[in-house]
Amino acid sequence: MMYKFLTRAVPAALAIAATGLGATASSNVTGFGVPQRSLEQHAELIRPFTEIRIPQSATGPVPTVLMFHGCGGLREVQEDYARSALDAGYGVVIIGSNAARGIDRFAAMSQVCTGLRLWGRERSADVFAGLSLAREDARIDASRLALIGWSHGGWTVLEALDDAGRQAVPEALDMDEAAAPDLAGVRTAMTLYPYCGFPMRSDGREYARDIPLHAILAESDMIAPPADCERLFERSEAAGHPVDFEILAGQTHAFDEPNPPPDPRIHYDADAAEQARSRWIEILDSELAP
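Here you go:
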């Protein structure tokens with residue numbers, strides 16, 4: 555087991571060092587520099603930065619969506635999707651992964667978005683910890699849950715699906731492999747313009763088979779090129795787990811973010827954003843039905 559780990563980790567660490575990203579990124583490759591906590595401790599880490607909202611019309615436990623933001627932290631796009639979900643009768647769990655780690659906007663843009671810190675494979679622990687928080691809330695129907703992630707959050711969701719499929723412990727969790735956390739109650743997952751290139755650990759072949767996976771990619775995405783995800787999803791389909799994905803023509807990364815950073819590679823498109831939100835609600839209505 556250790557030999558297999560080293561044969562993958564050492565070459566990857568050398569490749570990172572060659573790019574000039576330095577010791578911080580190399581520690582992400584090997585996993586040696588990733589803080590480890592028990593699942594309970596990790597849940598307490600994110601608890602103060604997790605917001606749970608329930609539709610005002612709810613009369614009992616409601617199906618609920620766990621939301622994972624992009625590398626820059628919580629943005630207006632999460633609010634837009636949360637409102638859509640609440641209006642459709644779904645609860646939302648909004649997890650501030652950056653804030654939980656003391657990462658402000660500047661650090662997010664300069665460290666997380668550049669790959670120097672908090673890779674998706676580390677952040678996947680937030681998915682399992684977030685599920686723990688959702689399951690303890692009596693207002694939430696823990697048998698009808700969904701995951702959605704944007705960009706870095708999409709990367710995170712894909713890594714969590716891979717962890718669950720392999721019955722592996724996420725590298726940020728300190729627990730016995732025999733007690734690896736699962737995605738019980740999760741009925742569907744969606745990623746929007748996820749990052750699927752190096753250093754993603756998942757190769758698409760071992761996603762949790764019982765969780766339908768959907769994705770919306772952007773044809774003109776220069777930040778998370780859709781071709782990387784297409785290759786990933788092709789491998790997943792070849793392994794017996796087809797991925798429902800579409801590529802929106804002419805759209806850029808974060809096309810659904812009304813308040814994007816001043817980046818010429820990002821353009822907001824209100825119509826495409828509405829299309830993506832509507833598609834997500836259709837998926838929830840189909841796959842979270844009683």
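If you count the sequence shown from 1, you need to add 554 to reach this note's numbering. All C-beta atoms in this analysis are idealised placements derived from N, C-alpha and C, irrespective of residue type, glycine included.
The region 634-648 makes contact with the region 677-695: 3 or more CB pairs, one atom from each, lie closer than 8 Å. According to DSSP, residue pairing for ILE606 in a beta bridge involves VAL647. Each residue's CA atom was taken as its position, placing HIS795 and PRO617 some 24 Å apart.
Taking 4 residues as the shortest admissible run, the region 651-735 contains the following complete alpha helix (DSSP H) segments, listed from N- to C-terminal end: 651-654, 674-689 and 706-720. Judged by DSSP in its simplified three-state form, ILE765 adopts coil rather than helix or strand.
DSSP links PHE622 through a beta bridge to ILE649 and GLY703. Each residue's CA atom was taken as its position, placing ALA654 and PHE603 some 6 Å apart. With a cutoff of 8 Å on beta-carbon distance, LEU746 and TRP709 are scored as not near each other. Exposed is the label assigned to ALA692, since fewer than 16 other Cβ atoms lie within 10 Å of its Cβ.
Counting the other Cβ atoms within 10 Å of the Cβ of ASP695 gives 16 or more, which makes it buried. When C-alpha distances from GLN590 are compared across ASP680, MET621, ALA792 and GLU811, the shortest belongs to ASP680. In the structure shown, the three-state DSSP call for VAL616 is strand. Residue pairing by DSSP leaves MET754 without any beta bridge partner.
The region 710-725 makes contact with the region 752-760, as at least three CB pairs between them are under 8 Å.
Residue pairing of ILE770 in beta bridges, as defined by DSSP: LEU746 and GLU800. Going by DSSP, GLU760 is part of no alpha helix (DSSP H) at all; its letter is neither H nor E.
Taking C-alpha positions only, ARG755 is separated from ARG741 by approximately 23 Å.
About 6 Å separates the CB atoms of ARG659 and GLY627; that is less than 8 Å, so the two are in contact. Ranked by Cα distance from ASP634, the options ASP839, GLU841 and SER832 are led by SER832. Counting along the chain, the unbroken alpha helix (DSSP H) around ARG789 starts and ends at 780-792.
In this structure SER678 is not in contact with GLY739, their Cβ atoms being roughly 17 Å apart against a cut-off of 8 Å. The distance from the Cβ of GLY707 to that of PHE622 is about 3 Å, consistent with a contact at the 8 Å cut-off.
Per DSSP, ASP810 lies in no alpha helix (DSSP H) and is assigned neither H nor E. The shortest C-alpha to C-alpha distance from VAL631 to any of LEU767, ALA808 and SER840 is the one to ALA808. Of the residues assessed, SER664 falls on the exposed side of the cut-off, its CB having fewer than 16 other CB atoms within 10 angstroms. In the three-state DSSP reduction, ARG741 falls in the strand class (E or B). Between the alpha carbons of ARG763 and THR668 lies a gap of roughly 31 Å. Annotation: VAL588 is outside any alpha helix (DSSP H) and is labelled neither H nor E by DSSP.
Where ARG637 is concerned, the enclosing alpha helix (DSSP H) starts and stops at 630-641.
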